[in-house]
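Have a look at the structure below, then the notes.
Number of protein chains: 2
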Amino acid sequence: MSGSCFAEILGELVELVPAEKAALERLEERQRHIRRGAMVLRENERADELFILRKGLVMSYVLLDDGSRQILRFYFPGDMLGLSSIVYRESPETLCALSDCVVCPFDRQAFSALSVAHPRLSALILVLCQIERVALTDRLAALGRTSAKARVAALLLEMRNRLRGTDKSIEKAFTLGLTQEEIGDATGLTSVHVNRMLRQLEEEGMIARESGRVTLVDEDAMARAANYVNRYEGLDLSWLPAPQ
Amino acid sequence: MSGSCFAEILGELVELVPAEKAALERLEERQRHIRRGAMVLRENERADELFILRKGLVMSYVLLDDGSRQILRFYFPGDMLGLSSIVYRESPETLCALSDCVVCPFDRQAFSALSVAHPRLSALILVLCQIERVALTDRLAALGRTSAKARVAALLLEMRNRLRGTDKSIEKAFTLGLTQEEIGDATGLTSVHVNRMLRQLEEEGMIARESGRVTLVDEDAMARAANYVNRYEGLDLSWLPAPQ
DNA sequence: CGTTATTTTGAAGGACTTCAACTCTGGTGG
DNA sequence: CCACCAGAGTTGAAGTCCTTCAAAATAACG
Numbered sequence: 000m001s002g003s004c005f006a007e008i009l010g011e012l013v014e015l016v017p018a019e020k021a022a023l024e025r026l027e028e029r030q031r032h033i034r035r036g037a038m039v040l041r042e043n044e045r046a047d048e049l050f051i052l053r054k055g056l057v058m059s060y061v062l063l064d065d066g067s068r069q070i071l072r073f074y075f076p077g078d079m080l081g082l083s084s085i086v087y088r089e090s091p092e093t094l095c096a097l098s099d100c101v102v103c104p105f106d107r108q109a110f111s112a113l114s115v116a117h118p119r120l121s122a123l124i125l126v127l128c129q130i131e132r133v134a135l136t137d138r139l140a141a142l143g144r145t146s147a148k149a150r151v152a153a154l155l156l157e158m159r160n161r162l163r164g165t166d167k168s169i170e171k172a173f174t175l176g177l178t179q180e181e182i183g184d185a186t187g188l189t190s191v192h193v194n195r196m197l198r199q200l201e202e203e204g205m206i207a208r209e210s211g212r213v214t215l216v217d218e219d220a221m222a223r224a225a226n227y228v229n230r231y232e233g234l235d236l237s238w239l240p241a242p243q
Numbered sequence: 000m001s002g003s004c005f006a007e008i009l010g011e012l013v014e015l016v017p018a019e020k021a022a023l024e025r026l027e028e029r030q031r032h033i034r035r036g037a038m039v040l041r042e043n044e045r046a047d048e049l050f051i052l053r054k055g056l057v058m059s060y061v062l063l064d065d066g067s068r069q070i071l072r073f074y075f076p077g078d079m080l081g082l083s084s085i086v087y088r089e090s091p092e093t094l095c096a097l098s099d100c101v102v103c104p105f106d107r108q109a110f111s112a113l114s115v116a117h118p119r120l121s122a123l124i125l126v127l128c129q130i131e132r133v134a135l136t137d138r139l140a141a142l143g144r145t146s147a148k149a150r151v152a153a154l155l156l157e158m159r160n161r162l163r164g165t166d167k168s169i170e171k172a173f174t175l176g177l178t179q180e181e182i183g184d185a186t187g188l189t190s191v192h193v194n195r196m197l198r199q200l201e202e203e204g205m206i207a208r209e210s211g212r213v214t215l216v217d218e219d220a221m222a223r224a225a226n227y228v229n230r231y232e233g234l235d236l237s238w239l240p241a242p243q
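Here's what the structure looks like:
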């Protein structure tokens, strides 16, 4: 168990050298506890810090003029938060804790210094951005071109796979930790319709549910129905520069 | 007029030093002409190269099982193409020329070497990725939570602003260069409904149209209707490392 | 100048939303 | 310990936005 969550994620992509590990650990020297429902960062406010999420579940979302909400992404332990926010004078999105969380804040300068001192880490961060980008385009295609049922199925698969990243004991069953309203705001649906789609997936024998826990009964059928691709697989990082 | 399209884009964000300009020019030593409708890169095929788009309009899209298409993004001169593709063994998306294009291919190693030699350029590329990310999340919110009319209006505003990036003479009127089917595939609508929305925007005095040219008559009303934010503005790059 | 792509228009159908009411669950305090 | 309450889940009926299907009109192209 390394001292850095972020290093663990990156360590699954490449073999990190001691100097890189040390540099990553320095990003996580400070800790901050965030209560469920509290905001890590607010849309349209200035953000001077980035974060590594150490524990818990975070979502990013935007609010539209009519009051509706679009959830953009869910973040899991080891993820970096707020990269898009430091690029802008005002954060383009809100970061909100879905469970009690621990985040490790560090400032822009630390990020900047790290990328100069460790070009390979800088390239790896770019790789993570691209993985996130492709995951976002998958969701764009889902919202633009697939049915409500497919979108909900895709969300369930994605959540299970990402939760499994931090807890290898998870197989087919897991606690989602989202309300149906939140599922709706992530998939572009109403909570009412999410409910009907979950029910339908259950009736068709794809999933089972009991008190917040979801079981993926027929995973293959779900993946087919949802056009799902795990974007943390199939990578090619052979071109990365040598470690510093 | 610099020798590098990419340097021109980056040069609008920061003052580039000669060594950086020279490094960027080396990326654009080779040229390749692409016919309208031809593909620069195919989904699920291996990509060894990245590209700088020098001339023309390119789109990226994915095809779903049912044959429907989701256009993910449009690319303009000075944009880098294929970054997400080199991260994966197989490209997650197709790149297709919407007009006759000129692209400058360079290989992964050149990219890797550049990011080591010029940390600030590496950071700038990360900034461009974040701009693209935020633009994608804007579209995600549009598809998830806004009406057909708002999505079409947002697309028109975005296209005008990006075209203006390469041609400052463009004000309110411009040639879109997209069919209504393509607008539909970008906004998650059918071409039939795109037609009705364009017509409605016209009837409401927001736009005017004549033979492929669109005029933004009431730009403010459009921006309001579309929740539109120009993501190339409002940046804060004060934290970037010093040039090399 | 014929052929094909694109745009336009109408009518009917369907997927999802809206509204409204009811049920279930977990937490809190009397 | 249990009554109460607020939040979340469930269900039905009606409505709306967008799609689908079909066909005509127009534009683009070799």
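For the protein sequence lines, the chains are C and R, in the order given. Each step along the first sequence adds one to the number in numbering that gives the first Met the number 0, with nothing skipped, and position 73 is 72. Each step along the second sequence adds one to the number in numbering that gives the first Met the number 0, with nothing skipped, and position 220 is 219. Every residue gets a Cβ at the ideal spot worked out from N, C-alpha and C, and that includes glycine. Given the structure is predicted, the values throughout are model-derived calculations rather than measurements.
To the nearest angstrom, how far is the alpha carbon of M58/C from that of S210/R? Against the first sequence, residue 58/C aligns to sequence position 59. Against the second sequence, residue 210/R aligns to sequence position 211. Between M58/C and S210/R, the C-alpha separation is close to 44 Å.
Mind checking whether A96/R and A152/R have CB atoms under 7 Å apart? The count along the second sequence starts at 1 and reaches residue 96/R at position 97. The count along the second sequence starts at 1 and reaches residue 152/R at position 153. Going by C-beta atoms, A96/R is not nearer than 7 Å to A152/R.
Counting only beta-carbon separations shorter than 7 Å, does A122/R have a partner in chain C? Taking the second sequence and counting its residues from 1, one reaches residue 122/R at position 123. For A122/R, the nearest beta carbon of chain C is closer than 7 Å to its own beta carbon.
Using a Cβ cut-off of 7 Å (strictly closer), state whether G187/C contacts chain R. By 1-based counting over the first sequence, the position of residue 187/C is 188. Closer than 7 Å to some Cβ of chain R, the Cβ of G187/C qualifies, so yes.
Where the beta strand (DSSP E) containing A207/R begins and where it ends: For the purposes of this step, residue 207/R is taken as the residue at position 208 of the second sequence. Secondary structure note for A207/R: its beta strand (DSSP E) is the uninterrupted segment I206 to E209.
Which residues in the same chain as I51/R place their Cβ atom closer than 8 Å to its Cβ, once the five residues preceding and following it in sequence are excluded? In the second sequence, counting from the first residue as 1, residue 51/R sits at position 52. S3, C4, F5, L26, E27, G77, D78, M79, L80, V102, C103 and F105, listed in sequence order.
Selection of the region 212 to 233 of chain R by Cβ proximity to chain C, strictly under 7 Å: Contacts with chain C (Cβ-Cβ distance below 7 Å) from the region 212 to 233 of chain R involve N226 and G233, listed in chain order.
To which residues of the same chain is K20/C closer than 6 Å at the C-beta, ignoring the five residues directly before and after it? Numbered from 1 along the first sequence, position 21 holds the residue referred to as residue 20/C. Apart from the 5 residues on each side of it in sequence, K20/C sits with its Cβ closer than 6 Å to the Cβ of A6 in its chain, given in chain order.
Count the other C-beta atoms from every protein chain shown that fall within 10 angstroms of the C-beta of Q69/C, then say buried if there are 16 or more, exposed otherwise. Stepping through the first sequence from its first residue, residue 69/C is reached at position 70. Answer is buried; the Cβ neighbour count reaches 16.
Distance check for Y87/C and G233/R, CA to CA, integer angstroms please. For this step, residue 233/R is matched to residue 234 along the second sequence. For this step, residue 87/C is matched to residue 88 along the first sequence. Taking the Cα positions, G233/R is about 6 Å away from Y87/C.
Considering only the alpha carbon of each residue, which of L120/R, A149/R and V193/R lies closest to Q243/R? The count along the second sequence starts at 1 and reaches residue 243/R at position 244. The candidate whose alpha carbon is nearest that of Q243/R is L120/R.
May I ask you to report which of helix, strand or coil DSSP gives T145/R? Indexing the second sequence from 1 puts residue 145/R at position 146. Coil, per DSSP.
Helix, strand or coil at M0/R according to DSSP, with G and I counted as helix: Taking the first residue of the second sequence as position 1, residue 0/R is located at position 1. Residue placement at M0/R is poorly supported in this model, since its pLDDT is 49, which falls under 50; the coordinates still yield a value, given next. DSSP places M0/R in coil when its eight states are reduced to three.
Exposed or buried, which one is P17/R when buried takes at least 16 other CB atoms within 10 Å? Locating residue 17/R in the second sequence gives position 18, counting from the first residue. With fewer than 16 other Cβ atoms within 10 Å, it is exposed.
Which whole runs of the alpha helix (DSSP H) in the region 104 to 166 of chain R are 4 residues long or more, in chain order? Runs found: 107 to 116, 118 to 144 and 147 to 165.
Excluding the 5 residues preceding and the 5 following L62/C in the sequence, name in chain order all residues of the same chain whose CB lies nearer than 6 Å to its CB. Residue numbering aside, residue 62/C sits at position 63 when the first sequence is read from its first letter. Once the five neighbours on either side are set aside, the close Cβ partners of L62/C are R68.
Does the beta carbon of M0/R sit closer than 7 Å to a beta carbon anywhere in chain C? In the second sequence, the residue the question calls residue 0/R occupies position 1. With a pLDDT of only 49 at M0/R, under the threshold of 50, the placement of this residue in the model should not be trusted, and no figure is reported.
Nearest-angstrom Cβ-Cβ length linking L154/C and T186/C, presumed shorter than 8 Å: Against the first sequence, residue 154/C aligns to sequence position 155. Against the first sequence, residue 186/C aligns to sequence position 187. Indeed, because the Cβ distance is near 6 Å, the residues count as touching under 8 Å.
Cβ closer than 7 Å: which chain R residues qualify as neighbours of S67/C? Counting from one through the first sequence, the residue named residue 67/C turns up at place 68. Correct list: R144.
Using the C-alpha atoms, what's the distance from S190/C back to E181/C? The sequence position of residue 181/C within the first sequence is 182, counting from 1. The sequence position of residue 190/C within the first sequence is 191, counting from 1. If I take the Cα positions, the gap works out to 8 Å.
On a CA-only basis, which of E203/C, L15/C, G66/C and I8/C is nearest R53/C? Give me that one, please. Counting from 1 along the first sequence, the entry for residue 53/C is found at position 54. Of the listed residues, the one whose Cα sits closest to R53/C is I8/C.
I'd like to know if P240/R contacts chain C, where contact means its C-beta is closer than 7 Å to some C-beta of that chain. Taking the first residue of the second sequence as 1, we reach residue 240/R at position 241. Interface criterion met: the Cβ of P240/R is under 7 Å from a Cβ in chain C.
Could you work out which residue in G183/C, G176/C and R230/C is closest to V213/C when comparing CA atoms only? Residue mapping note: residue 213/C aligns to position 214 of the first sequence, counting from 1. Each of G183/C, G176/C and R230/C was checked against the Cα of V213/C, and the nearest Cα belongs to G176/C.
Listing by chain order, which chain R residues have their CB less than 8 Å from the CB of C128/C? Numbered from its first residue, the first sequence carries residue 128/C at position 129. Going along chain R in sequence order, the residues near C128/C (Cβ under 8 Å) are L125, C128, Q129 and R132.
Roughly how many angstroms separate the alpha carbons of L125/C and T165/C, rounded to a whole number? By 1-based counting over the first sequence, the position of residue 125/C is 126. By 1-based counting over the first sequence, the position of residue 165/C is 166. Taking the straight line from one Cα to the other gives about 21 Å.
Alpha-carbon spacing of M196/R relative to D219/R, whole angstroms: As a position in the second sequence, residue 196/R is number 197, starting the count at 1. As a position in the second sequence, residue 219/R is number 220, starting the count at 1. Going by the C-alpha atoms only, they are around 18 Å apart.
Cutoff 7 Å: A140/R Cβ touching any chain C Cβ: Indexing the second sequence from 1 puts residue 140/R at position 141. Look at A140/R: its C-beta is under 7 Å from a C-beta on chain C.
Cβ distance (whole Å) where A241/R is taken to contact S114/C below 8 Å: Stepping through the second sequence from its first residue, residue 241/R is reached at position 242. Stepping through the first sequence from its first residue, residue 114/C is reached at position 115. Contact annotation, A241/R with S114/C: C-beta distance approximately 12 Å; criterion of less than 8 Å not satisfied.
Taking 6 Å as the cut-off, is the C-beta of S121/R nearer than that to any heavy atom in the ligand ATP? You won't find the ligand ATP in this model; it holds no ligand whatsoever.
Between the C-alpha atoms of M0/R and L23/R, what's the straight-line distance to the nearest angstrom? In the second sequence, the residue the question calls residue 0/R occupies position 1. In the second sequence, the residue the question calls residue 23/R occupies position 24. The pLDDT assigned to M0/R is 49, lower than 50, so where the model puts this residue is not dependable; a value taken from the coordinates is nonetheless given after this. Whole-angstrom Cα-Cα distance: 14 Å.
Excluding sequence positions up to five away, which residues of its chain have a Cβ less than 8 Å from the Cβ of M205/C? Translated into the one-based positions of the first sequence, residue 205/C becomes position 206. Excluding sequence neighbours, M205/C sits near A152, L215, V216, D217, A220, M221 and A224.
Counting contacts by CB-CB distance shorter than 7 Å, is P104/C in contact with chain R? In the first sequence, counting from the first residue as 1, residue 104/C sits at position 105. Cβ-Cβ to chain R under 7 Å: no for P104/C.
With a threshold of 7 Å between beta carbons, is V115/R in contact with chain C? Counted from its first residue, the second sequence places residue 115/R at position 116. Taking Cβ atoms only, chain C reaches closer than 7 Å to V115/R, which makes this a yes.
Output, in sequence order along the chain, the residues in the region 43 to 68 of chain C whose CB is closer than 7 Å to any CB in chain R. Listed by position along the chain: V61, L63, D64 and S67.
Within the region 15 to 90 of chain R, ranges of the beta strand (DSSP E) (whole runs, at least 3 residues): Counting only runs of 3 or more, we get 31 to 33, 38 to 40, 48 to 54, 57 to 62 and 68 to 74.
Can you tell me whether DSSP reads A241/R as helix, strand or coil? Residue 241/R sits at position 242 when you count from the first residue of the second sequence. Of the three classes helix, strand and coil, the one that applies to A241/R here is coil, per DSSP.
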